[in-house]
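Under mature numbering (1 follows the signal peptide of the UniProt record, and there is no 0), the residues of the sequence shown are numbered -20 to -1, 1 to 322, in order.
Cβ atoms here follow ideal geometry from the backbone N, Cα and C, with glycine treated the same way.
Encoded as structure tokens, the structure appears first; notes follow it.
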Amino acid sequence: MRLALSVSATLLALVPSAESFSPARPALRTWAKRFVAAEPPAAEAAPSTPGGSGDTDPELPSFDSKEDYLAYMEAASALPAGFATGTAAGKFISQEAPALGYLPIKGTVIYLTDGPTDSWAAVFTKNKFPGSPIKVGRERLSSGSAIQAIVINNKISNVCSGGDGVANAELVCEAVASALNLEGGARSVLPSSTGVIGWRLPAKELAEDVVPKAVEALQTGSALSAARDIMTTDRYPKLRSKTLSNGARIVGIAKGAGMIEPNMATMLCYIMTDASLGKKVLQSMLTDTVNRSFNSISVDGDESTSDTAVLISSEKVSMDETMTSEFNGALLEVCQGLAADL
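Right, here's the structure in full:
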């Protein structure tokens, strides 16, 4: 799936060249075969303790159990300064398949605690039939909107859904802006959706139930719960982190299982950093990094309508030219790691 790039990027460290990068990481993949569940792990099962401030290894070690893997990720999941995440679960009845009864849905909010930023970048799918959240995101990016929150739902992708998918996405953004009292309103919120294609987004249930609970659950400790709750058919959460020599931190989370085809593949990726870098720098870095990581993988040959990679900075840590170069390398390490995990 090809992404249409749109504005901002980040990171650094010594990593393999694009030519030598292999998306298959045997150690993780071997363990993952034993980590199979009918449903993604429940939000309630996520560790409640604050995330550790360690980093993930470029090459993940092997794990004997799901618990070992989650403990490793928790120890490396500390959020960068200026970020909070919150997740919540809800339920809805599909208009397209009401006989199925109530179905589960999860929402995740990523929040910049100190105000909006224009230091963000994004790359989106180039599929000819993009989802409604992609249309909203492209407009936010091209107009130069500052954003203060990202809202993600699983279960329904808001693609080819009938009705007004853009209006439904904006309704959820409005709910986030209202719950957080954002001065920028809905335009300061970026929406993402993943899941079933062709069903209407349960915007009312998300706006009135899931979003308020996710905002209430906001915490500044760990990104692991967010990594878990953006999952759909994924077997395990994907998280990578890197701390720079000046203390700036990069944390990326991603989901993706099927429809993985260059370039990007039903893949959602959110990279948070406190490194203070301008929008143009971030966008350039993100675009190059996506081409050297997510655009190099395929699972089933299907390009997704919803692929999204977002890089966003809270601008907490000053960066000079040397640190900017280090950041770029770290960003590549994080994204290549996430691409391998997918």
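Check your understanding: Going by DSSP, what residues sit across from Ile114 in a beta bridge?
Key -> In the sequence shown, the residue the question calls residue 114 occupies position 134. Answer by DSSP bridge pairing: none, since Ile114 is not bridged.
Review point. Pick from Glu119, Ile132 and Asp98: whose alpha carbon is nearest that of Ala207?
Key: Translated into positions along the sequence shown, residue 207 becomes position 227. The option with the nearest alpha carbon to Ala207 is Ile132.
Check your understanding: Should Pro113 and Asn134 be called a contact, given that it needs their Cβ atoms to be closer than 9 Å?
Key -> Within the sequence shown, residue 113 is the residue found at index 133, counting from 1. Within the sequence shown, residue 134 is the residue found at index 154, counting from 1. It is not a contact, given that the beta carbons lie outside the stated cut-off.
**Study point:** Residue range of the beta strand (DSSP E) that includes Cys249
**Key:** On the sequence shown, residue 249 is found 269 positions in, with the first residue counted as 1. Residues Leu248 to Ala255.
Check your understanding: In whole angstroms, what is the alpha-carbon distance linking residue 354 and Glu313?
Key -> With the chain represented from -20 up to 322, any question about residue 354 goes unanswered, as that position is not in the structure.
Check your understanding: DSSP state of Ser202, grouped into three classes?
Key -> Walking along the sequence shown from the start, residue 202 turns up at place 222. Of the three classes helix, strand and coil, the one that applies to Ser202 here is strand, per DSSP.
Practice item. Please check the pair Asp321 and Lys218, which I expect to be a contact at CB under 8 Å, by giving their CB distance rounded to whole angstroms. Key: Here residue 321 corresponds to residue number 341 of the sequence shown, with the count starting at 1. Here residue 218 corresponds to residue number 238 of the sequence shown, with the count starting at 1. Contact between Asp321 and Lys218 holds, since their C-beta atoms are separated by about 4 Å, short of 8 Å.
Check your understanding: Nearest to Phe274 by alpha carbon, out of Leu59, Cys315 and Glu295?
Key -> Mapped onto the sequence shown, residue 274 falls at position 294. For the residues Leu59, Cys315 and Glu295, the minimum Cα distance to Phe274 belongs to Cys315.
Exercise for review: Give the DSSP-derived three-state secondary structure of Ala79 in the structure shown.
Suggested key: Sequence index remark: in the sequence shown, residue 79 carries index 99 (1-based). Ala79: helix per DSSP, three-state reduction.
Review point. Who pairs with Phe63 in a beta bridge, going by DSSP?
Key: The residue labelled residue 63 in the question sits at position 83 within the sequence shown. Note: Phe63 sits in a beta bridge opposite Leu92.
Check your understanding: What are the start and end residues of each continuous beta strand (DSSP E) run of 3 or more residues lying completely inside the stretch 157 to 182, in chain order?
Key -> 169 to 173
Review point. Taking contact to mean at least 3 C-beta pairs separated by less than 8 Å, is the stretch 88 to 96 in contact with the stretch 62 to 75?
Key: yes
Check your understanding: Taking the alpha carbon of Gln128 as the point to measure from, which residue in Gly145, Gly164 and Glu154 has its own alpha carbon closest?
Key -> Position 148 of the sequence shown, counting from 1, holds the residue named residue 128. Here the closest residue by C-alpha is Gly164.
**Study point:** Collapsed DSSP secondary structure at Lys86 in the structure displayed
**Key:** Here residue 86 refers to the residue found at position 106 of the sequence shown. Lys86 falls in the strand class under three-state DSSP.
Exercise for review: Could you tell me whether the stretch 173 to 180 touches the stretch 138 to 157, where touching means 3 or more Cβ pairs closer than 8 Å?
Suggested key: yes
**Study point:** Residue from Thr304, Pro192 and Leu311 whose Cα sits closest to the Cα of Lys86
**Key:** For the purposes of this step, residue 86 is taken as residue 106 along the sequence shown, with counting starting at 1. Per the Cα distances, Pro192.
Practice item. Could you tell me which residues DSSP pairs with Arg272 in its beta bridges? Key: Stepping through the sequence shown from its first residue, residue 272 is reached at position 292. Its beta-bridge partners do not exist; DSSP assigns none.
Point to revise | Backbone CA spacing between Ile130 and Val169 [nearest angstrom] | key: Sequence index remark: in the sequence shown, residue 130 carries index 150 (1-based). Sequence index remark: in the sequence shown, residue 169 carries index 189 (1-based). C-alpha separation (whole angstroms): 5 Å.
Check your understanding: Apart from the five residues on each side of it in sequence, which residues of its chain come closer than 8 Å, Cβ to Cβ, to residue 337?
Key -> Any question about residue 337 goes unanswered here, given that the chain covers just -20 to 322.
Review point. If you compare alpha carbons, which of Glu295, Ser122, Thr223 and Ala289 is closest to Pro38?
Key: Mapped onto the sequence shown, residue 38 falls at position 58. For Pro38, the nearest C-alpha among the options comes from Thr223.
Point to revise | N-terminal and C-terminal residue of the beta strand (DSSP E) that residue 328 is part of | key: In the structure as shown, the chain begins at -20 and stops at 322. Residue 328 is therefore absent and cannot be evaluated.
Point to revise | Ala145 versus Thr36, Gly178, Thr302 and Ser123, residue with shortest Cα-Cα distance | key: By one-based count along the sequence shown, residue 145 stands at place 165. Correcting the residue identity first, residue 145 is Gly in this sequence and not Ala. Checked all of Thr36, Gly178, Thr302 and Ser123; the closest Cα to Gly145 is Gly178.
**Study point:** For Glu196 and residue 337, the rounded distance between their alpha carbons
**Key:** Given a span of -20 to 322 for the chain in the structure shown, any question on residue 337 remains unanswerable.
Practice item. Please name the residue, chosen from Gly111, Ile251, Thr213 and Arg215, that lies closest to Ser57 on a Cα-to-Cα basis. Key: Working through the sequence shown from its first residue, we reach residue 57 at position 77. Nearest option by C-alpha distance: Ile251.
Practice item. Determine the direct distance from the alpha carbon of Asp268 to that of residue 323, and round the result to whole angstroms. Key: Because the chain spans -20 through 322 in this model, residue 323 falls outside it and cannot be assessed.
**Study point:** heavy atom of the ligand PLP below 8 Å from Leu312 C-beta
**Key:** Ligands are entirely absent from the displayed structure, and the ligand PLP is therefore not among its contents.
**Study point:** beta strand (DSSP E) segment containing Ala289, residue limits
**Key:** As a working mapping, residue 289 is identified with position 309 in the sequence shown. Thr288 to Val297 is the span of the beta strand (DSSP E), which, as asked, contains Ala289.
Point to revise | Contacts around Leu198, its chain only, beta-carbon distance under 8 Å, and the 5 residues preceding and following it disregarded | key: Along the sequence shown, read from residue 1 onward, the residue named residue 198 stands at position 218. Around Leu198: Ala64, Thr65, Gly66, Val89 and Tyr91.
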